[in-house]
Structures are given as C-alpha cells and as structure tokens.
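In what follows, a structure is listed as structure tokens, so that the remarks can point back to it.
There are 2 protein chains.
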Amino acid sequence: MQIINHPDEMSRWSDATRARGERIALVPTMGFLHDGHMALMREGRARAGALVASIFVNPTQFGPGEDLARYPRDFERDAGMLKTVPVNVIFTPDASAMYSADAETWVEATQVTRGLCGAFRPGHFRGVTTVVAKLFNIVKPHLAIFGEKDFQQLRAIQRMVSDLNFDLEIVSVPIVRERDGLAMSSRNAYLSPEERERALALSLALRAARDRYRCAPCSGEELVAVATRVLNQTPGVEIEYVEAVDARTLAPASSIHSPILLAIAARVGKTRLIDNTVLSP
Amino acid sequence: MQIINHPDEMSRWSDATRARGERIALVPTMGFLHDGHMALMREGRARAGALVASIFVNPTQFGPGEDLARYPRDFERDAGMLKTVPVNVIFTPDASAMYSADAETWVEATQVTRGLCGAFRPGHFRGVTTVVAKLFNIVKPHLAIFGEKDFQQLRAIQRMVSDLNFDLEIVSVPIVRERDGLAMSSRNAYLSPEERERALALSLALRAARDRYRCAPCSGEELVAVATRVLNQTPGVEIEYVEAVDARTLAPASSIHSPILLAIAARVGKTRLIDNTVLSP
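Protein sequence lines, in the order shown, are assigned to chains E and Y. Under my numbering, the first residue of the first sequence is numbered 739, with each subsequent residue one higher. Under my numbering, the first residue of the second sequence is numbered 739, with each subsequent residue one higher.
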C-alpha cells in the first residue's frame, strides 16, 4: 500500500496504472473511517484491479460556522483499516497542494443542490463537486464509489459526471447502520452517550415512515408527517428538515408511483446528523 | 480525415488513439474558419501525432440578445480547409448531443472573468469554460490550443485547467491580422465594406498605444487615453470598453513594470468586435 501526498505524483501513478491496462477505482473520503467507508472500499476492491482511497478534509465544502477545524482525524487508524482491504494507494494531499491561494474556479450542479441540505449549507455542494472534479482529474479513475447516506451529494456528483462528460462510472453503496439502526458517520464521534441514544430518533422516524409506506404507498406529505411525529417524540432532537422528494431529481415528489427519497437532517446537541431512505412502489 | 458527430464515438476514438501512445491536440472552434484558426491548426499539427478540430457553435456562451441564430456557418468550406492541414478528426456534435435537456452543471472561473468582456456579457465565460471542460473530457487531449484574440477566454481556460487539475497543456497562439491590421474574426463576415473600413480603428488604436509605450513605458491610464483618442476619431465606432489590465490576472494594472493587456471592445454598426495587445516593459 502506497501513500501519496502530491497531486502530481498521484497523477503519474494513475497514468502508469492505466498504461498497464488496469482499471482504477476511487473512493473519496474525508477520513476517520467507519464500516460505511469500508463497504465502499470492498465494492471498489471487487470492481477494479487498482483501488485508490483518498483522504482529504476538503475546506471548500465547509461553511463559516461549521466543523472544519474540529472534524475528526486519525490517519494512522485509517491507514491500518485501509491496509486490510487492501487498497493500493492512499491519496492524502495537503489543502495547499489541492488549492492554490488564487484558485477561483468552481464546478456547480445548480438544481439538484437547491433543496434539502443545499438550502441549509450554502456553498457546500459547490465545494463537493469542485473537489470531486479535481480528484477525478488527478486520479483518473474508471469508476468512483459513493455512499447513499449523502444522497444529495451522490445525485450532485452523478449530474456533474453526466453534464460534464466525465468518462467514468459512479457506483453507489447503501447506507451502513449500527446494530441499533444509527447510520454510520464520522460525525457520530461527536455524540455523548445520551446524544447517541437520542440520535436513534432519525432512523426510527425513517423506519416508521417505511412501515407506513409498506402498508400502502402514500403521499410524501404523509411520510413527512409520520417521520416528524417520531422525531418530535424525542426531546433534544432539533429538526432541520424532514422532506419527501423525487428520488431521481430531488424535486418535490409529484407522484406516489415513482421512488421517493425521504430525508432528514437534525441536530442532536451541537451535532448535525443526516439520514434517509428511498421508498419505491 | 474522419468526421465524428457523437461524443461517445469521439471518446472511443480518443481512447484508442491514447492506447496507441499517440499524443492528441485539440483545437476547439465555432467554425467559419479563417487564417487565425489555421494558425492554431498548424500549431496543433506540429505538436501532436493526432489533431482534433472541434466545430461547435456553443449555445450556452451566447446571451439572450446575442448572435447565436445568425452566427455564420459553412461546414463544407471548413472541412475543405481542415483537410489541407490535415486534421485527423473534425468533431462536430449537435447541441442536443452536447447538452441534455436537464443539464444543470456549470464550470466557472469567477475572478478572471469579472471585467472586460465578462462585465458586458454575463454568463458568456461560464458557457465557455463549461463547454471547454466538456470537450476536454470527451476528446481527452494532451494539449489544447487557443488564440490570443480572445485573451480573456484564454486566461479563463488557463485558470480552469490549473484550478481543476486538468492534466493537459494549454498552448496559445498570437492574433493573426489581415494585411491592413484588422484582427481576423468569424464575425468580420457581418461587416459591410464601409464598416470594414471603420473597424480598422481598433487595430490603429492599439498600434498608437503601442507606439506610445515603446517611446517610454507608461501607465495604463495613458495607454487607454491614447487608444480612446484614436477610436473617437472614427465616426460609427461605438466603444464598449478600452481597458489596460495586468496581463496575467486581468486585475487593474498596478505597475508599469509588469506586462499590461490593452483590450478594446467596440461596436461597428451592429457588429461587436474585440482586439488586444500585450505590452511588456
């Protein structure tokens, strides 16, 4: 397993790997890995001869009041986990190698990022699509793998790839949950034991809506109402949004006959958590 | 010489060409070629084994009141000229193959595009950088060649390539002029004989400023004054801007010790013309 810090060296490695006819899979991460990330790694390992995991806490996707400075980091632990996959390369550049001081170019998917988290985190998805475009140009993967927990991120990247003709495949992997249902997230590390307990309300709310939907497909409004009721039952969970949208376009869900994304963002203490589920008729 | 219409076919051609170890040069154009374009083609022919010329009148770089519908087109003539170079491929996609109806992703260099033409053509450079990013991802060139007449476009593309880590080289080629000094442009075809005569004011204004600068380096204000005086002497030439800026950043020129871009945009009749010169101490 190689550790590469500089974009130019990464690019050369990828050129040499492609010249040998090998397929490259990329799993972009911000590190502090958990089993959700490991599911992405296993998917990449199965699909390509060469697997690159990037670890980069991307400053441009954090807003002014957000948790960039305290975002959890543990490179040694991450490297140990990635060695077991194994990945071929950990690409872990410095922010200064990724962004020159006078960088001014942005890549932005303008529609799919409007609602949900995009409405509460202005500039977030612009930072995500920009850094992912950069990673694609540096690592030159044949496929890249993203988790469905960040569903809106997944859709923004799929749009970018299609709209800008990136010649690669986007593969998505379902949410990985703790035994009790909590969606895995690096940010779960922020939770106190009491908050960890309250955080279960998100997955419980989604499960209640899913049960309601399984009983008989219903409108987005109904799903939102069911989920909101569960969240409101737990003190200390502050809803940011509960929304039901078209799972493909993320526009308001217009029909109960196409897949609906039910998505939640909520604060538990100071920690912002997200979770979602897709309901198909 | 192959003519390729579809992005997927172009992409496959480029993959096969790269797999043979050949270098690919791309010259993006909007067609209706003139000797300025041919200088770009010759540069590409000299620098790479495989030369691709794209012809695509890109709708997203035209504003609402601009000349998209009447932009001059003559594919047969263009193809005849390109055959003499020769180019290996003419890539000439339909707008519908380049932009899906729900395309929503934009690439934008936000600083270098603020002044000059960017101030008068909102959205223009966003359309340029977006289509050029798409062409880069489709054609996968090792180098791409642009003319210096569209100097701000050149700088926007250089920024995009650097900021987004496109792994390719941008080569620029000096302005090609008619014998009497008029910068070559497809839009010169719009000019009546009288307008053609008046249009000389742009290159004459730049030459006067250049003469003044050669005498002794002077401030941007002085260069603008000299050029403006010449333009104002010609009736029927309506100045849009005359500006002297730092030739690297396109920010206001701060020092007479670094290269200055003196740029003009003016209307002659209904036709908008641009021209520029770089003055180095």
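Idealized CB from N, CA, C, for every residue including glycine.
Uninterrupted alpha helix (DSSP H) stretches at least 4 residues long and entirely within the stretch 934-1017 of chain E occur at 938-953, 958-970, given in chain order. DSSP, read as helix, strand or coil, puts residue 778 (chain Y) in helix.
Among the CB atoms of chain E, one or more fall inside 9 Å of the CB of residue 876 (chain Y).
Residues 767 of the same chain have their beta carbon placed closer than 6 Å to that of residue 775 (chain Y), with the five preceding and five following residues left out of the count. For residue 970 (chain E), no CB of chain Y lies under 9 Å from its own CB, so it is not counted at the interface with that chain. Around residue 869 (chain Y), the same chain offers 796 as residues with beta carbons nearer than 6 Å, after the five sequence neighbours per side are excluded. Separation of residue 954 (chain E) and residue 1001 (chain E) (C-alpha to C-alpha, rounded to the nearest whole angstrom) is 19 Å. The contact set of residue 850 (chain Y) on chain E, defined by CB atoms closer than 8 Å, consists of 842 in chain order. Note on geometry: alpha-carbon atoms of residue 803 (chain E) and residue 1010 (chain E) lie some 12 Å from one another. Identification of chain Y residues near residue 749 (chain E) by a Cβ-Cβ cut-off of 7 Å yields 905, ordered along the chain. Collapsing the DSSP output to three states places residue 849 (chain E) in coil. Linking residue 997 (chain E) to residue 850 (chain E) through their CA atoms gives a straight-line distance of about 16 Å. Only those residues of the stretch 891-904 of chain Y whose C-beta falls short of 8 Å from the nearest C-beta of chain E are listed: 897, 898, 900, 901, 902, 903, 904. Residue pairing from DSSP places residue 740 (chain E) in a beta bridge opposite E:827.
In summary, residue 834 (chain E) is exposed, with fewer than 16 beta-carbon neighbours lying within 10 Å of its beta-carbon over all protein chains present. Residue 763 (chain E) places its beta carbon less than 9 Å from that of residue 883 (chain E). In this chain, residue 794 (chain E) is not harboured by any beta strand (DSSP E), its DSSP state being neither H nor E. Against residue 745 (chain Y), the close residues of chain E are 903, in the order they occur along the chain (beta-carbon pairs closer than 9 Å). Partner residues in the beta bridge of residue 767 (chain Y), as assigned by DSSP, are Y:793.
Among the residues facing chain Y, residue 845 (chain E) is included, as its CB has a counterpart in that chain under 9 Å away.
At least 9 Å separates the beta-carbon of residue 920 (chain Y) from that of residue 892 (chain Y). Against chain Y, the CB of residue 788 (chain E) has no partner CB under 9 Å away; the residue lies outside that interface. Counting along the chain, no alpha helix (DSSP H) covers residue 923 (chain Y), and no H or E run does either. Ranked by Cα distance from residue 857 (chain Y), the first of Y:841, Y:842, Y:890 is Y:890. Under the three-state reduction of DSSP output, residue 784 (chain E) falls in the helix class.
Burial of residue 816 (chain E) is indicated by the presence of at least 16 other C-beta atoms within 10 angstroms of its C-beta. The way I'd put it, the stretch 825-844 of chain E does touch the stretch 867-881 of chain E; three or more beta-carbon pairs between them come closer than 8 Å. Contact check between the stretch 934-948 of chain E and the stretch 965-972 of chain E: three or more CB pairs, one atom from each, fall below 8 Å, which counts as touching. Looking only at Y:938, Y:779, Y:853, the smallest Cα-Cα distance to residue 822 (chain Y) is reached by Y:779.
By the C-beta density criterion, residue 824 (chain Y) is exposed, having fewer than 16 other C-beta atoms within 10 angstroms. Nearest Cα to residue 878 (chain E) within the set E:957, E:820, E:754: E:754. For residue 871 (chain Y), the residues of chain E that pass the 9 Å Cβ criterion are 845, 871, 902, 903, in the order they occur in the chain. Within 10 angstroms of the beta-carbon of residue 949 (chain E) lie fewer than 16 other beta-carbons, which makes it exposed. Taking 9 Å as the CB threshold, residue 987 (chain E) lines the interface with chain Y. Residue 867 (chain E) belongs to the set of residues whose beta carbon lies under 9 Å from a beta carbon in chain Y. According to DSSP, residue 916 (chain Y) shares a beta bridge with no other residue.
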